[in-house]
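Heads up: the structure comes next, in structure tokens.
Below is the structure:
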């Protein structure tokens, strides 16, 4: 088969089946676009974090990094004086709220002379441009050097003044110059370390020490000696481990969204198969003629494979461009993570990965090619003579027994019990694919079983529809498969999202047990409530009590994951709100009582009754785990401890949040106004009632899952378009049959209603099997994929109204689509229809 012949056949095929070809392209483009958009968003985020970490670290070999709240700067001198250390540079890092805006910017305090030896971009000639007036010097308390990205974010220029929020009030700063060599570091405000410590109340605290060792140093021994000089909770890490750790935190988020996109591509593969299979059946005589003219069976297979691959190529190209456009729009609108909160301090660098996008596009092409090859199998056994005479349109029926569906279902159950691989629920996703495959293989036996149970009717149209559908098992399977997969995925995602939302709603109702909540730093971490501010809020008339809340984030020794310490007054009511498995607060003993989240159990292997040792504020403390609680606000581990115990260990009397309980009979609006005046004195702090926070959390949830709603709608629309396309091909081939029915007395309207009944039957079969398989997939999503990915436990809640609306819509639209597709086939006069097809 030469290239000219292939080109001629392809041109005729694609032009003659323009709408069905566009549908197949849209199927592939949807999956490619979603996968490409998700990968581009997160690849851009991780690339920026990695580039910023490497750029700011300069030539540093190692970094001594402590907990989020920092560590004693007295640890710097012994490290800097170690004989193996060539350069040691301390740094203070925080995110400060921007005055008058709901945003924050990263602030770094450095020793400029030490930092310049590791990264000349801080002070190299021509890198930092001095104010022309010469009134601002590097050592001025309020001098700040900004990267170009920070200048753009703050909308300032050299010589301008701006304000950031600090724990003691607004911090006025002046732009002393720019740092163009650090442009890749994102929005960054650089100041002298002593100025940052003083202005932001971090005196005596640093967050990291950048180290470059001497070339002749015995590194392994030197690193052990340096590590011994560091206080508990401070560890030596490579500069690039920040990006690796962030990648670990977001792995579940990225993998699940990518898997969702690949499921769309998987659905697209079924719809491509359905479209090409019906095209092949319609062109049965065409292929028989080509075989009669000398084209081999292998040539027919090659032709269809090329045709499918071209459709895949079109979908891959369209999907790639759509994915890039969508990711760019979502980046500008929501940020790297669609509002999930993983990259709140990152910039907006758009960094698509051509290699990854090419692989995703190739996967789309291979999906379409595989669907086309599946279509060619029955054509290889084509009886040329019979096909030239017979114009009956149908596809070979798939295996009609229950052995394959049963075997795949058993394999799906086994896959659901497999452990995760590198915190990725590979077994869960394998179980979902196997369950969908079992549902597809069950289409034929389920269809036969359901149709056999339909009672005989005296109504001619119902009898004709039942006979017609029963006589086309192959056509029915090809057409219904796409509906089953689309309905199953849509139902499963709807059940999973609804279950999560109901669980989150109940959890928020329990956790937000106070009347008002004050938060010092909704944006950033530079602002906290001082003991004086806490006392003023507690003294407001109408306030019964306050519960200060303090957060600390650290890495437990011997583990790679992060742990957040939540310090607040612990009561049985609070434990009930956190859905802890133990509500009893035991008496104090030698070990401090604590409760751990489900994620800490999964990640660290901790369990009730176990004692764990953690480094808190440079001191080692032993905690006895009393129980496990539920934490929907973090995918990493959390430890809940009573505030008094935490303050006794850390000597830290600051608070990030304050829960305010009102006295009986107190007027909430009056108390909120009085407490609000005190909170307003803390820059960037917010005060809201529990209902506002509850509603805002659910709104963030809905925004994060907006992509799944769009995917569900797109999958259903494409599946229904496939049904319409399938019935259009079927109706075209049955013009002679319709002409005969017209001769027997049926009107055009009755023939159209006949097709509506057939479409409704296909919709019922697809909806029933799709809902059943979707329910099974939702169990895997909730109890396997969700638990192994995000470490959250939840119960399944059934959105009965949404599922009923879904199934009813599918059945109705299938009937309407089949009716619309058949109108053109009955438009001709009956005699002409019979003559044309004779």
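Numbering (the working numbering), first residue to last: 5 to 842. Yeah, the Cβ is synthetic: ideal placement off N, Cα and C, and Gly gets one too.
- request: Kindly identify the DSSP beta-bridge partner or partners of residue 562.
  value: Reading the chain shown from its first residue, position 558 is the one you call residue 562. Answer is none; residue 562 lacks a bridge partner.
task: Under 8 Å by Cβ, that's how I've got residue 619 and residue 556 pegged, so tell me the actual separation to the nearest angstrom.
output: For the purposes of this step, residue 619 is taken as the residue at position 615 of the chain shown. For the purposes of this step, residue 556 is taken as the residue at position 552 of the chain shown. In fact, because the Cβ distance is near 10 Å, the residues do not count as touching under 8 Å.
field: Extent of the continuous beta strand (DSSP E) run through residue 67
entry: In the chain shown, residue 67 corresponds to position 63, counting from 1. Counting along the chain, the beta strand (DSSP E) containing residue 67 begins and ends at 66-69.
task: Express the C-alpha separation of residue 691 and residue 167 in angstroms, rounding to a whole number.
output: Here the question's residue 167 lines up with position 163 in the chain shown. Here the question's residue 691 lines up with position 687 in the chain shown. Straight-line Cα distance between these residues: approximately 21 Å.
message: Per the DSSP calculation, residue 216 is bridged to which residue(s)?
response: To locate residue 216, count along the chain shown from 1; it is residue 212. BP columns for residue 216 point to 91.
message: Could you compute how far the alpha carbon of residue 623 sits from the alpha carbon of residue 232?
response: Within the chain shown, the letter at position 619 stands for residue 623. Within the chain shown, the letter at position 228 stands for residue 232. The straight-line gap from Cα to Cα measures roughly 14 Å.
message: For residue 793, report the span of its beta strand (DSSP E) as first-last.
response: What you label residue 793 is simply residue 789 of the chain shown in a count that begins at 1. Element bounds for residue 793: not the beta strand (DSSP E) but the alpha helix (DSSP H), 790-794.
message: Taking 8 Å as the cut-off, does the stretch 596-604 touch the stretch 626-640 (at least 3 CB pairs, one atom from each stretch)?
response: yes
field: Start and end residues, alpha helix (DSSP H) containing residue 430
entry: Here residue 430 corresponds to residue number 426 of the chain shown, with the count starting at 1. Bounds of the alpha helix (DSSP H) holding residue 430 are 430-445.
- prompt: At what residues does the alpha helix (DSSP H) containing residue 697 begin and finish?
  reply: One-based indexing of the chain shown puts residue 697 at position 693. Run containing residue 697: 694-708, per the alpha helix (DSSP H) assignment.
- request: Please classify residue 458: is it buried, with 16 or more other beta-carbons within 10 angstroms of its beta-carbon, or exposed?
  value: The residue you call residue 458 lines up with position 454 of the chain shown. With fewer than 16 other Cβ atoms within 10 Å, it is exposed.
query: Identify the residues that DSSP records as bridge partners of residue 170: which are they?
result: Counting from 1 along the chain shown, the entry for residue 170 is found at position 166. The partner list for residue 170 (beta bridge, DSSP) reads 173.
- prompt: Short check: CB of residue 854 to CB of residue 186, under 8 Å?
  reply: With the chain covering 5 to 842 only, the question about residue 854 has no answer from this structure.
Whole-angstrom distance between residue 498 and residue 825, CA atom to CA atom: As a first step, residue 825 must be located in the chain shown, where it is residue number 821. As a first step, residue 498 must be located in the chain shown, where it is residue number 494. The alpha-carbon atoms of residue 825 and residue 498 are separated by roughly 30 Å.
task: Work out the CA separation of residue 508 and residue 223 for me, nearest whole Å.
output: On the chain shown, residue 223 is found 219 positions in, with the first residue counted as 1. On the chain shown, residue 508 is found 504 positions in, with the first residue counted as 1. Roughly 49 Å separates the two Cα atoms.
message: 8 Å is my cut-off, CB to CB: does residue 157 come that close to chain D?
response: Absent from the structure: chain D. Only one protein chain is present.
message: Measuring straight from C-alpha to C-alpha, what distance separates residue 568 and residue 101?
response: Start at 1 with the first residue of the chain shown, and residue 568 comes out as number 564. Start at 1 with the first residue of the chain shown, and residue 101 comes out as number 97. Cα to Cα, the separation comes out at about 22 Å.
field: Cβ-based neighbour list, residue 686, same chain, cut-off 7 Å, excluding 5 preceding and 5 following
entry: Counted from its first residue, the chain shown places residue 686 at position 682. Correct list, in chain order: 524, 531, 533, 537.
Alpha carbon of residue 451 to alpha carbon of residue 804, nearest angstrom: To locate residue 451, count along the chain shown from 1; it is residue 447. To locate residue 804, count along the chain shown from 1; it is residue 800. Whole-angstrom Cα-Cα distance: 24 Å.
message: So, under 8 Å CB-CB, residue 683 and residue 522 are touching, yes? Tell me the CB distance rounded to an integer number of Å.
response: Position 679 of the chain shown, counted from the first residue, corresponds to residue 683. Position 518 of the chain shown, counted from the first residue, corresponds to residue 522. Between residue 522 and residue 683 the Cβ distance is about 5 Å, and since that is below 8 Å, they are a contact.
message: DSSP three-state label for residue 601, please.
response: Residue mapping note: residue 601 aligns to position 597 of the chain shown, counting from 1. If DSSP states are grouped into helix, strand and coil, residue 601 belongs with the strands.
Residue 631: first and last residue of the uninterrupted beta strand (DSSP E) it sits in: Translated into the one-based positions of the chain shown, residue 631 becomes position 627. It spans 623-633 - the beta strand (DSSP E) in which residue 631 sits, taken as one unbroken run.
- request: Assign residue 594 to buried or exposed, taking buried as 16 or more other Cβ atoms, counted over all protein chains shown, within 10 Å of its Cβ.
  value: If you number the chain shown from 1, residue 594 lands on position 590. The residue in question, residue 594, is exposed, as its Cβ has fewer than 16 Cβ neighbours within 10 Å.
- request: Could you give the DSSP three-state label for residue 592: helix, strand or coil?
  value: In the chain shown, the residue the question calls residue 592 occupies position 588. Of the three classes helix, strand and coil, the one that applies to residue 592 here is coil, per DSSP.
Collapsed DSSP secondary structure at residue 661 in the structure displayed: Locating residue 661 in the chain shown gives position 657, counting from the first residue. DSSP places residue 661 in strand when its eight states are reduced to three.
query: Using the C-alpha atoms, what's the distance from residue 289 back to residue 306?
result: The residue given as residue 306 occupies position 302 in the chain shown. The residue given as residue 289 occupies position 285 in the chain shown. Whole-angstrom Cα-Cα distance: 18 Å.
Nearest-angstrom Cα separation, counted from residue 331 out to residue 362: For this step, residue 362 is matched to residue 358 along the chain shown. For this step, residue 331 is matched to residue 327 along the chain shown. C-alpha separation (whole angstroms): 16 Å.
- prompt: Can the beta-carbon of residue 483 be found closer than 8 Å to that of residue 766?
  reply: Walking along the chain shown from the start, residue 483 turns up at place 479. Walking along the chain shown from the start, residue 766 turns up at place 762. Yes; because the gap between Cβ atoms is below 8 Å, this pair is in contact.
field: C-alpha distance - residue 587 paired with residue 162, whole-angstrom precision
entry: Locating residue 587 in the chain shown gives position 583, counting from the first residue. Locating residue 162 in the chain shown gives position 158, counting from the first residue. The straight-line gap from Cα to Cα measures roughly 57 Å.
message: For a quick check, are the C-beta atoms of residue 192 and residue 112 less than 8 Å apart?
response: The residue given as residue 192 occupies position 188 in the chain shown. The residue given as residue 112 occupies position 108 in the chain shown. The answer is yes: Cβ separation under 8 Å.
query: Could you give the uninterrupted runs of the alpha helix (DSSP H) lying entirely in the stretch 508-551, keeping only those of 4 residues or more?
result: 535-542
Through-space distance from residue 377 to residue 277, alpha-carbon basis: Start at 1 with the first residue of the chain shown, and residue 277 comes out as number 273. Start at 1 with the first residue of the chain shown, and residue 377 comes out as number 373. Taking the straight line joining both Cα atoms gives about 9 Å.
Identified DSSP bridge partners for residue 97: Your numbering for residue 97 matches position 93 in the chain shown. DSSP output for residue 97 lists 112 as bridge partner(s).
- request: May I ask which residues mark the beginning and end of the alpha helix (DSSP H) holding residue 770?
  value: Reading the chain shown from its first residue, position 766 is the one you call residue 770. Counting along the chain, residue 770 sits inside the alpha helix (DSSP H) bounded by residues 752-784.
- prompt: Is residue 148 near residue 120, with beta carbons less than 8 Å apart?
  reply: Position 144 of the chain shown, counted from the first residue, corresponds to residue 148. Position 116 of the chain shown, counted from the first residue, corresponds to residue 120. Result no, Cβ atoms of residue 148 and residue 120 do not sit closer than 8 Å.
Residue range of the unbroken beta strand (DSSP E) whose run includes residue 821: By 1-based counting over the chain shown, the position of residue 821 is 817. Looking at the DSSP string, residue 821 is not in any beta strand (DSSP E); the run it does join, the alpha helix (DSSP H), is 804-827.
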